[in-house]
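Undergrad: Supplied in structure tokens, the structure appears directly below.
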Amino acid sequence: MIGSGDHEDRLKSKISEAIVWKGWVEQPFLYGGVLLFTSQYEGYGLVIIEALMNGYLVVARDAPHGPEDILRRIDKDMLLPFDAADNDYAVRIDNILKKYRDEKQCDMLLSNISQYMDYLDSVRKDSWILCL
Numbered sequence: 013m014i015g016s017g018d019h020e021d022r023l024k025s026k027i028s029e030a031i032v033w034k035g036w037v038e039q040p041f042l043y044g045g046v047l048l049f050t051s052q053y054e055g056y057g058l059v060i061i062e063a064l065m066n067g068y069l070v071v072a073r074d075a076p077h078g079p080e081d082i083l084r085r086i087d088k089d090m091l092l093p094f095d096a097a098d099n100d101y102a103v104r105i106d107n108i109l110k111k112y113r114d115e116k117q118c119d120m121l122l123s124n125i126s127q128y129m130d131y132l133d134s135v136r137k138d139s140w141i142l143c144l
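In my numbering, each residue carries its 1-based index in the sequence shown increased by 12.
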């Protein structure tokens, strides 16, 4: 597990001993795995897109303005209700890892990510045209 913050000690007390806590790292996407996005408030959730583009799977809380806007186009199974319990995250991570052991599911995920990036590109272009 990588990252650090105000709740680090509380989180360390809840995770399995099988999980290695790396703390803060300069290039987090070199490690691979699952992004656990637990923000209560989010303007957009760019880190979700960055994680997906770097080969991470995602499990995200449905914080206002962001995760749902992104994941409904990619994989709704990666989205948890805003008020999900701690245990719901562990179950969802397990389900996502099982789901993407299937090659067809991985191909569908890659296609959905590609389509989402095309969508973002078209929105960006349309925004620039309106500005001109």
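Built from N, CA and C at the ideal position, the CB exists for glycine as well.
Bear in mind the structure is a predicted one, so any value in this text is a computation, not a measurement.
1) Please name the residue, chosen from Asp114, Tyr101, Val32 and Ile82, that lies closest to Thr50 on a Cα-to-Cα basis.
2) Count the other CB atoms within 10 Å of the CB of Val3; is the residue buried (16 or more) or exposed (fewer)?
3) What's the C-alpha gap between Leu64 and Asp21?
4) How many angstroms separate the CA atom of Tyr43 from the CA atom of Ser134?
5) Buried or exposed for Met156, please, with buried defined as at least 16 other CB atoms from any protein chain shown within 10 angstroms of its CB.
6) Roughly how many angstroms lie between the CA atoms of Ala97 and Leu91, to the nearest whole one?
7) Determine the burial state of Lys86: buried for a count of at least 16 other Cβ atoms within 10 Å of its Cβ, exposed for fewer.
8) What are the boundary residues of the alpha helix (DSSP H) that Leu69 is part of?
9) Which of helix, strand or coil does DSSP assign to Ile14?
10) If distances are taken between C-alpha atoms only, which option among Val59, Gly17 and Leu47 comes closest to Asp106?
11) Going by DSSP, name the residue or residues bridged to Phe49.
12) In the DSSP assignment, what are the bridge partners of Gly35?
13) Using the rule of at least 16 other Cβ atoms within 10 Å of the residue's Cβ for burial, across every protein chain shown, is Arg84 buried or exposed?
TA: The relevant details are as follows:
1) As a position in the sequence shown, residue 50 is number 38, starting the count at 1. Its Cα nearest to that of Thr50, the residue Tyr101 stands out among Asp114, Tyr101, Val32 and Ile82.
2) Shown here, the chain extends from 13 to 144; a query on residue 3 therefore has no answer.
3) In the sequence shown, the residue the question calls residue 64 occupies position 52. In the sequence shown, the residue the question calls residue 21 occupies position 9. Roughly 27 Å between the two C-alpha positions.
4) Locating residue 43 in the sequence shown gives position 31, where the first residue counts as 1. Locating residue 134 in the sequence shown gives position 122, where the first residue counts as 1. Roughly 31 Å between the two C-alpha positions.
5) With the chain covering 13 to 144 only, the question about residue 156 has no answer from this structure.
6) What you label residue 97 is simply residue 85 of the sequence shown in a count that begins at 1. What you label residue 91 is simply residue 79 of the sequence shown in a count that begins at 1. Taking the straight line joining both Cα atoms gives about 13 Å.
7) In the sequence shown, counting from the first residue as 1, residue 86 sits at position 74. Residue 86 is actually Ile in this sequence, not Lys. By the 10 Å Cβ count, Ile86 comes out buried.
8) Taking the first residue of the sequence shown as position 1, residue 69 is located at position 57. Not the alpha helix (DSSP H): Leu69 falls in the beta strand (DSSP E), residues Leu69 to Arg73.
9) Numbered from its first residue, the sequence shown carries residue 14 at position 2. In the structure shown, the three-state DSSP call for Ile14 is strand.
10) Along the sequence shown, one-based indexing puts residue 106 at 94. Residue Leu47 is the option with its Cα nearest to Asp106.
11) Taking the first residue of the sequence shown as position 1, residue 49 is located at position 37. Its beta-bridge partners are Ala72.
12) Stepping through the sequence shown from its first residue, residue 35 is reached at position 23. Bridge partners of Gly35: Ile14.
13) Mapped onto the sequence shown, residue 84 falls at position 72. Counting Cβ neighbours within 10 Å, Arg84 comes out exposed, since fewer than 16 surround it.
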